[in-house]
Amino acid sequence: MPLGSEHVVVTRLPLRDEDDRPVGAIGFVLYERVDGLKPVLAKMQQLQARLQAAERELADNRRARYSLAAFLGMSAPANEIKRQARRAAQLDATVLLSGETGTGKELLAHAIHHASPRAARPFVSINAAAIPESLLEAELFGVAPGAYTGADRRGRDGKFKLADGGTLFLDEVGDMPMALQPKLLRVLQEQEIEPLGANRLLRLDVRVIAASSFDLAGRVAEGRFRADLYYRLAVLALQLPPLRARLDDLPLLVERLLEDIGARLGQGIDIDADALALLRQHHWPGNVRELRNTLERALLQSDSAQLCAAHVAAALPARLQATVLAPDAPAVPGLPAEPQAGPRPAPAVQPLAQAVLAAERQAIAAALQAHGGSKVATARALGISRAALYQKLAAHGMS
Ligand SMILES: Nc1ncnc2c1ncn2[C@@H]1O[C@H](COP(=O)(O)OP(=O)(O)OP(=O)(O)O)[C@@H](O)[C@H]1O
Ligand SMILES: [Mg+2]
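Quick note: the sequence shown uses the numbering used here, first residue 2, plus one each step.
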């Protein structure tokens, strides 16, 4: 620190009690021969700047990223869900967002926080399916100082504590292990947490928004989710409509998604009416996320910034292409006719690594579908850990 025109080096040693709480400090001031320490001082300033940058970034991550305006759609189902979200924002009750994968649950959770009186406070997310069961409790509730030896000796705040005053987004809450559910229920009822290894309760003020991409009530019926926790979470239950139930929103969604994709590529992208008509025929199991991926893939098929039906057909999954291209299927305007006639083309030869990846992707997609989107069941069926499944899903861009 500067002292007049001189620099002195000050160090403080904290004195702690058995619980690792600071009770005092001893300070040392070194004011002679500081010159030799200049490189150390410079290094320290550099580290301090980096720490500040990291802290700013962390604070940014804890802010809600989307407002309700980001939830696109003007159809009746879209307007209804936005109305419910606006109402949920004004109330402080727990919210349960249900809906298929890619319907915008996470987007809506951000938006509800953003429109709520807690907007200026943190928005913290945790995905119950992405964290190994053994670590989830510590992640949620934190660890008291001294609870473990080693790296965690000083203790660590859990997500509930980090969200104090704000909102905690509990994603994939259906994958919450049975053993942790009573503890979660107690937090929701009492607004108190007990960090691991602490004998004290910590009072908190956290609003919880939970999300599930499969039918949570069904899980309750199967005995895999506690009924009392379900009712406590579903005080305000919002059901997000699948894309196929709001096809009127398709043109608007396509326009905005293409604007967004185009802005990143630095060019405007157009799509013609036949291509849009083809998009309307798809079932959209992956909803808006799948729509975005499909448009991006279609663009790879096109040499220009103009998307037509053939590009879209090539970007849609094989089953739909097969029905579209089968001779007895109604002709889709703008599609090339070649695939309907002539000998079957030989299967494409591709590098082995690519073929293996494609097979992996297919196996994951099939397992996900067979298990109603449950990551836990899917990972088990595939014989890999949940964390490994999440890594693979991310690597394949499958959410
Ligand atoms: N109504 C919408 N308007 C605009 N974009 C949307 C809408 N719904 C979803 N999206 C976009 O689709 C993608 C997936 O949305 P999000 O992550 O919120 O879905 P999710 O329901 O949480 O899916 P999952 O269950 O797979 O986690 C995001 O890129 C999001 O911005
Ligand atoms: Mg999500």
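By construction, the Cβ of each residue, glycine as well, lies at the ideal position given by its N, Cα and C atoms. Source: prediction; values computed, not measured.
Contact between Ser117 and Ala90 holds: CB atoms are separated by about 4 Å, below the 8 Å threshold. DSSP, read as helix, strand or coil, puts Ala121 in coil. About 12 Å separates the Cβ atoms of Ala364 and Leu394, ruling out a contact at the 8 Å cut-off.
For Gln240, the uninterrupted beta strand (DSSP E) segment begins and ends at 237–240.
Taking all protein chains shown into account, Asp271 has fewer than 16 neighbouring C-beta atoms within 10 Å of its C-beta and is therefore exposed.
Under DSSP, Ala54 takes part in no beta bridge, so it has no partner.
In this structure, the C-beta of Lys160 stays at least 6 Å away from each heavy atom of ligand 2. Assigned with DSSP and collapsed to three states, Gln392 falls in helix. Separation of Ala274 and Ser126 (C-alpha to C-alpha, rounded to the nearest whole angstrom) is 40 Å. For Arg13, the three-state secondary structure derived from DSSP is strand. Between ligand 2 and Glu107, a heavy atom-to-CB distance of less than 6 Å is present. According to DSSP, Gly28 shares a beta bridge with Arg13.
When the Cα atoms are used, Gly74 and Ile113 turn out to be separated by approximately 16 Å. Unbroken alpha helix (DSSP H) runs of no fewer than 4 residues, entirely contained in the stretch 355–385, are found at 376–383, following chain order. For Ile270, there is no enclosing alpha helix (DSSP H), as DSSP marks it with neither H nor E.
In the structure shown, Pro23 adopts extended strand secondary structure according to DSSP, grouped into three states. The three-state reading of DSSP puts Asp172 in strand, counting E and B together. When secondary structure is reduced to three states using DSSP, Gln307 falls in the strand class. CA-to-CA, the gap between Val10 and Val24 works out to about 23 Å. Judged by DSSP secondary structure, Ala77 falls within the alpha helix (DSSP H) whose first and last residues are 77–91.
In its chain, beyond the 5 residues on either side, Phe29 have a beta carbon closer than 6 Å to the beta carbon of Thr12. Unbroken alpha helix (DSSP H) stretches of 4 residues or longer found wholly inside the stretch 173–243: 182–191, 217–222, 228–234, given in chain order. Ala211 is the residue among Leu244, Ala211, Ala43 whose C-alpha sits nearest the C-alpha of Tyr232.
Between the stretch 132–139 and the stretch 99–109 there are fewer than three C-beta pairs closer than 8 Å, too few to call the two in contact.
Residues of the same chain with their beta carbon placed closer than 7 Å to that of Gln370 are lacking, with the five preceding and five following residues left out of the count.
Straight-line spacing of the CA atoms in Pro252 and Gln192 works out to 44 Å.
Selection Leu230, Leu280, Glu140, Leu169 evaluated against Leu197 yields Glu140 as nearest (Cα-Cα).
Secondary structure note for Val255: its alpha helix (DSSP H) is the uninterrupted segment 251–266. Ile82 counts as buried, since no fewer than 16 other beta carbons sit within 10 angstroms of its beta carbon. Remark: three or more beta-carbon pairs, one from each stretch, lie closer than 8 Å, so the stretch 173–180 and the stretch 207–227 are flagged as touching. Under the three-state reduction of DSSP output, Ser135 falls in the helix class.
Judged by beta-carbon spacing, Leu38 lies beyond the 7 Å limit of Ile27, meaning their Cβ atoms are not closer than that value. Cβ contact annotation for Arg298 (same chain, cutoff 6 Å, sequence separation greater than five): Ala316, in chain order.
At least one heavy atom of ligand 1 lies less than 6 Å from the C-beta of Leu73. For Leu109, the number of other beta carbons within 10 angstroms of its own is at least 16, and it is reported as buried.
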